[in-house]
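**Student:** Our numbering puts the sequence shown at residues 1065 to 1142. Quick reminder that beta carbons are idealized off the backbone N, C-alpha and C, glycines included. Small disclaimer: the values here were computed from a predicted structure and weren't measured.
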Amino acid sequence: MILASCLASLAILPITPLLADMDLWYALPLIVSVSLVCAATRHEQISPILNHAVRFGVWIAVFMGAVMTLLTLMSWWA
1065 MILASCLASL AILPITPLLA DMDLWYALPL IVSVSLVCAA TRHEQISPIL NHAVRFGVWI
1125 AVFMGAVMTL LTLMSWWA
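1. May I have the straight-line CA-CA distance separating residue 1102 from residue 1135, to the nearest angstrom?
2. Taking a contact to mean a Cβ-Cβ separation below 8 Å, would you say residue 1128 touches residue 1091 in this structure?
3. Could you tell me the distance, in whole angstroms, from the CA atom of residue 1118 to the CA atom of residue 1099?
4. Does DSSP classify residue 1152 as helix, strand or coil?
5. Residues in the same chain with beta-carbon distance under 6 Å from residue 1113, minus the five sequence neighbours each way, listed in chain order, please.
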């Protein structure tokens, strides 16, 4: 019974492509450039720079996703 009501409430939510609707494509070059610059200020060889940049880029993307999820949930609950 509860599952059916949850599925019914999800059916009224608009289904739109997330990246097309919010212009999140602009975040991709910013994440790449910021992570590369941050990593290049800490290391001199290319291998540590790329390793640090990948880890930092993933960290930024996860943090942005968490904030976006939190804001989306808050807007649904409001």
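**Tutor:** Short version:
1. Computed Cα separation, rounded: 27 Å.
2. Closer than 8 Å, so yes.
3. Straight-line Cα distance between these residues: approximately 7 Å.
4. Because the chain spans 1065 through 1142 in this model, residue 1152 falls outside it and cannot be assessed.
5. Counting only residues of its own chain and dropping the five nearest sequence neighbours on each side, residue 1113 has a CB closer than 6 Å to the CB of 1103, 1104, 1107.
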